[in-house]
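Numbering (the UniProt record's numbering), first residue to last: 1 to 158.
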């Protein structure tokens, strides 16, 4: 049997969700935000140049994405120019019999476009997943240094 306090929290949470559904889209648009389905994983983007190993001296962009609780086999990565696109979903946790006081862990589908700020070599990108963090390493495209000696001809030479 549920306690009266549990019923109160369950009713409050249900009422909050209903209010979000009724007014959330209108309020969010009014504040300049767009209401989204799912969640948006947090990301860090930085640049590094390894000093040892086979990649020593080769600068690269690195993206860390917080994907705890996401089935990494269901995550897709795509590189389009200077953008890294992450897509997938976090399955909801079974909540039967629970009366939530607070819900902050987002579930559902996500699609995150990360601006890289530099041209990368897409064919050499690699990704690893450990402890809920996806690490994507993207070697930076090196500017081509077209160097050519230009012969000088003397006027009158044929």
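Ideal Cβ placement from N, Cα and C applies to all residues, glycine included. The model shown is predicted, which means the values in this text are computed figures rather than measured ones.
Expressed to the nearest angstrom, what Euclidean distance is found between the alpha-carbon atoms of residue i and residue j?
i, j, result
"residue 54", "residue 102", "47 Å"
"residue 77", "residue 94", "28 Å"
"residue 43", "residue 88", "15 Å"
"residue 39", "residue 143", "37 Å"
"residue 35", "residue 112", "Bear in mind that a pLDDT of 45 at residue 35, under 50, signals an unreliable position, so the model cannot answer this."
"residue 119", "residue 141", "6 Å"
Quick one: give me the first and last residue of the beta strand (DSSP E) that residue i is part of.
i, result
"residue 139", "133-139"
"residue 39", "No beta strand (DSSP E) holds residue 39; DSSP gives it neither H nor E."
"residue 84", "83-90"
"residue 113", "108-115"
"residue 99", "Counting along the chain, residue 99 falls outside any beta strand (DSSP E), and DSSP gives it neither H nor E."
Which residue from the options puts its Cα closest to that of residue i?
i, options, result
"residue 72", "151, 132, 144", "132"
"residue 128", "155, 38, 109, 63", "63"
"residue 50", "148, 151, 137, 156", "137"
Give the C-beta separation of residue i and residue j to the nearest angstrom, bearing in mind that I take them to be a contact with Cβ-Cβ under 8 Å.
i, j, result
"residue 106", "residue 80", "Between residue 80 and residue 106 the Cβ distance is about 24 Å, and since that is not below 8 Å, they are no contact."
Quick one: what's residue i bridged to in DSSP?
i, result
"residue 61", "47, 138"
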